[in-house]
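Okay, so the sequence shown: first residue is 140 according to this note's numbering, each after it adds one.
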Amino acid sequence: MNKYLSSILVLVILFNSVYIKTYAFAGQDVAVGEYIQLGKYNDQPILWRVINKQDVNNDGVEELMLFSDKILSLKPFDALGDNVDYDLDGVEDTYTVHRSDWGSNYWDRSSIKEWLNSPETSVSYTQAQVPDRDHVKNYTSAEGGQDEVIGENAYSTEKGFLAEGNFTSDERNIIKPVTHRTLIAEVDNNYTGKTVTGNSYLPDAVGDTPDMWAANFDDYYGINVQDKVFFLSIWELNEYVYSASTGLTHPISGDNYFLAYPTPQAVDKSEYPIGISDYHAYWLGTPFTQFDNSSVYAVYPDNGTLTNTHFEAPGAWRGYYGIRPAMFISSDVVLSGTGTNIDPYKITSYGVPQYPVGVTSNDRKYFRYFLGLDNNNNARVMLVAPANEDSTVKQIFNRNDILDPVTHKYKQGIYYIIDNKGIINVY
Numbered sequence: 140m141n142k143y144l145s146s147i148l149v150l151v152i153l154f155n156s157v158y159i160k161t162y163a164f165a166g167q168d169v170a171v172g173e174y175i176q177l178g179k180y181n182d183q184p185i186l187w188r189v190i191n192k193q194d195v196n197n198d199g200v201e202e203l204m205l206f207s208d209k210i211l212s213l214k215p216f217d218a219l220g221d222n223v224d225y226d227l228d229g230v231e232d233t234y235t236v237h238r239s240d241w242g243s244n245y246w247d248r249s250s251i252k253e254w255l256n257s258p259e260t261s262v263s264y265t266q267a268q269v270p271d272r273d274h275v276k277n278y279t280s281a282e283g284g285q286d287e288v289i290g291e292n293a294y295s296t297e298k299g300f301l302a303e304g305n306f307t308s309d310e311r312n313i314i315k316p317v318t319h320r321t322l323i324a325e326v327d328n329n330y331t332g333k334t335v336t337g338n339s340y341l342p343d344a345v346g347d348t349p350d351m352w353a354a355n356f357d358d359y360y361g362i363n364v365q366d367k368v369f370f371l372s373i374w375e376l377n378e379y380v381y382s383a384s385t386g387l388t389h390p391i392s393g394d395n396y397f398l399a400y401p402t403p404q405a406v407d408k409s410e411y412p413i414g415i416s417d418y419h420a421y422w423l424g425t426p427f428t429q430f431d432n433s434s435v436y437a438v439y440p441d442n443g444t445l446t447n448t449h450f451e452a453p454g455a456w457r458g459y460y461g462i463r464p465a466m467f468i469s470s471d472v473v474l475s476g477t478g479t480n481i482d483p484y485k486i487t488s489y490g491v492p493q494y495p496v497g498v499t500s501n502d503r504k505y506f507r508y509f510l511g512l513d514n515n516n517n518a519r520v521m522l523v524a525p526a527n528e529d530s531t532v533k534q535i536f537n538r539n540d541i542l543d544p545v546t547h548k549y550k551q552g553i554y555y556i557i558d559n560k561g562i563i564n565v566y
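Here it is in structure tokens:
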């Protein structure tokens, strides 16, 4: 029997006698479009989708940009009754009747930004009006009208989104602060205390779809802000979710992924009645900038369907609109699962994976890394390299203290299984 057939026989025996119960691999191998489970809200795990990979902190490693698969809650963007204290000196720097009556569309001092980024069990709201029942409203009709409901979907007594019970300390530590650009309303141009860039205000986009405003986003007046959790801008929604080049769709319906259903818990807890089987409206991070300082853009599915879904610009105090957050997380994690919406990746280890002896940081890009327990609870590692990286694989294990193995092809790659005794089996 030749060496190749012997190896295949050993492989068959190995996989019939040793059942790998779990497996994992480095977060850097996660692909755009795959799913990750991270954190909880309303005591239910949060399902996220990877919509982009980008090095946001200039460390040479791409972080994973996550977008909530569903609308987690219905909340106002900002509470009414205050204006904006840009320099936090306790004195409101602008006064407009719109903001005192309908809330502010200035993201950096909004109630929702403070809640989304707070790890506190009792959010202090030092930079925004407290979103209590006296300072949030909604119309009796989603389309608007004169009949108002006071106090709908207030959240002043709710713990912060990042608080313990929603996210563990390990989970919070892998969420990366990111500096991103947000547009500003005309009234904010001279008062933010931040560098304003751009040369015009975003024109009226009500009734439009994301692709109509994909270009020239940097030409509109805006500032850089830093957040851990945020809402997508019109530009990000198009670039990473809506556009044909991205091609993200819902796995079952095939509808564009910029549409979203609410979670059952969001439906149950909302004081505004909504349907669980209909797509629902949710906030974006882009303000309506011309002649207005309290309206914010939102994705609005007309009649809960894909047909005629477009942008609306409701008042910030409206409790009808959904929370569909985004964030960047570190890719220096070990994950288990297959990355589907049914079997999403779950984090099994935080920090850079410990690769076997002989595998250096420069070599990791050649591998898909698996870690699991066999039926005797022995730790096993499997490295899978593309077949065309033969020479690289041989170099990695060409060390005095490790036998230089002879590699053989098996299906699409070269497999190394290293058991808990440090023995390398090559197939």
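Note that beta-carbon positions come from the ideal geometry of N, C-alpha and C, so glycine has one too.
Host beta strand (DSSP E) of residue i (start-end)
i	result
GLN404	Run containing GLN404: none in the beta strand (DSSP E); it sits in the alpha helix (DSSP H), 403-408.
TYR174	174-180
GLU451	449-451
ILE190	183-193
SER488	484-489
Local conformation of residue i per DSSP, three classes
i	result
LYS252	helix
LEU474	strand
PHE536	Bear in mind that a pLDDT of 31 at PHE536, under 50, signals an unreliable position, so the model cannot answer this.
ILE210	strand
GLU202	strand
LEU653	One cannot answer for residue 653 here, as it falls past the ends of the chain, which runs 140 to 566.
SER263	coil
ASP381	In the sequence on display, residue 381 carries Tyr and not Asp. Of the three classes helix, strand and coil, the one that applies to TYR381 here is helix, per DSSP.
LEU239	Residue identity differs from the one stated: residue 239 is Ser in this sequence, not Leu. Note: SER239 maps to helix in three-state DSSP.
THR348	coil
PRO525	Only weak support is given to the placement of PRO525: the predicted model assigns it a pLDDT of 43, under 50, and the value that follows is read from those uncertain coordinates. Residue state, collapsed to three classes: strand.
VAL269	coil
ASP343	coil
GLY166	helix
GLU325	helix
Bridge-paired residues (DSSP) for residue i
i	result
PHE369	ALA465
PHE306	Answer by DSSP bridge pairing: none, since PHE306 is not bridged.
ARG320	ASN363
VAL435	PRO426
ILE314	ILE468
TYR421	VAL438, GLY461
ASN197	Note: ASN197 sits in no beta bridge, so no partner.
ASN395	THR388
TYR479	Here residue 479 is Thr; the residue named in the question, Tyr, does not match the sequence. Looking at the DSSP assignment, THR479 forms no beta bridge with any residue, so it has no partner.
THR336	GLY361
Cβ pair residue i, residue j closer than 9 Å
i	j	result
PHE356	PRO464	no
TYR484	ILE190	no
ILE323	ASP471	no
ASP343	TYR381	no
TYR411	LEU213	yes
THR425	VAL364	no
ARG272	SER295	yes
ASN305	LYS298	yes
ALA353	ASN377	yes
GLU373	LEU341	Before going further, note that residue 373 is Ile rather than Glu in the sequence given. The answer is yes: Cβ separation under 9 Å.
TYR421	ALA437	yes
LEU177	ILE486	yes
ALA452	PHE427	yes
ALA455	SER434	yes
ALA293	GLU259	no
LEU423	PHE467	no
VAL169	GLY478	yes
ASP327	SER339	no
LEU255	GLN404	no
- Message: Using a Cβ distance threshold of 8 Å, determine whether the segment 242-256 contacts the segment 202-221, with at least three qualifying pairs required.
- Response: yes
- Query: Contact between the segment 206-214 and the segment 176-187: three or more CB pairs below 8 Å?
  - Reply: yes
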